[in-house]
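Colleague: Could you have a look at this structure, given as structure tokens, before my questions?
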Amino acid sequence: MAKEAVFNLKLEPELREGFMAAAQAAHLPASQVMRDLMRDFIRQQQQAKEHDEFVQRKVAAARASVEAGRGRSNDDVEAEFAARRAKAQGN
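Residues 358 to 448 (the working numbering) make up the sequence shown, in order.
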């Protein structure tokens with residue numbers, strides 16, 4: 358991949374020194390470490406976005422189910438699972 362952009366940032370001298378020392382200890386160029394960090398950050402943000410979208414779809418489906426009368430009360434669900442737990446424990 359062609360590297361055509363330059364990225365400048367300001368940081369504390371101690372942070373820069375620590376970062377450069379860590380990159381050198383890992384036998385990696387600092388620019389490569391930064392590219393990897395940026396790629397990881399982009400990936401994490403995309404995963405978070407996809408998860409948020411998934412949750413929103415699930416919430417919308419659940420709301421539609423309740424509005425259509427297919428929902429169950431918390432008391433009904435609790436009673437059903439209490440019975441399941443009792444059966445599984447042999448009570």
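From the three backbone atoms N, C-alpha and C, an ideal C-beta is built for every residue, glycine too.
Bear in mind that the values here come from a model prediction, so they are computed numbers and not experimental data.
1. If you run the structure through DSSP and keep just helix, strand and coil, what is Asn365?
2. Since Ala378 contacts Val390 with CB under 8 angstroms, what's their CB separation in whole angstroms?
3. Out of Ser430, Lys415, Gln402 and Arg392, which has the shortest C-alpha to C-alpha gap to Ala359?
4. Report the three-state DSSP secondary structure of Ala425 (helix, strand or coil).
5. Short check: CB of Ala387 to CB of Phe376, under 8 angstroms?
6. Please tell me whether, using a cut-off of 7 angstroms, the distance from the CB of Met395 to the nearest non-hydrogen atom of the ligand MG is below it.
7. At the level of alpha carbons, what is the spacing between Lys406 and Ile399?
Modeller: Reading from the atomic positions:
1. What you label residue 365 is simply residue 8 of the sequence shown in a count that begins at 1. Three-state result, Asn365: coil.
2. Translated into positions along the sequence shown, residue 378 becomes position 21. Translated into positions along the sequence shown, residue 390 becomes position 33. With 8 angstroms as the limit, Ala378 and Val390 do not qualify as a contact, their Cβ atoms being about 12 angstroms apart.
3. Working through the sequence shown from its first residue, we reach residue 359 at position 2. When each option's Cα is compared against that of Ala359, the closest is Arg392.
4. Against the sequence shown, residue 425 aligns to sequence position 68. Of the three classes helix, strand and coil, the one that applies to Ala425 here is coil, per DSSP.
5. Taking the first residue of the sequence shown as position 1, residue 387 is located at position 30. Taking the first residue of the sequence shown as position 1, residue 376 is located at position 19. Against a cut-off of 8 angstroms, the Cβ pair of Phe376 and Ala387 comes out as a contact.
6. Inclusion of the ligand MG in the displayed structure is not the case, the ligand content being empty and no account of it being possible.
7. Residue numbering aside, residue 406 sits at position 49 when the sequence shown is read from its first letter. Residue numbering aside, residue 399 sits at position 42 when the sequence shown is read from its first letter. Cα-Cα distance, rounded: 11 angstroms.
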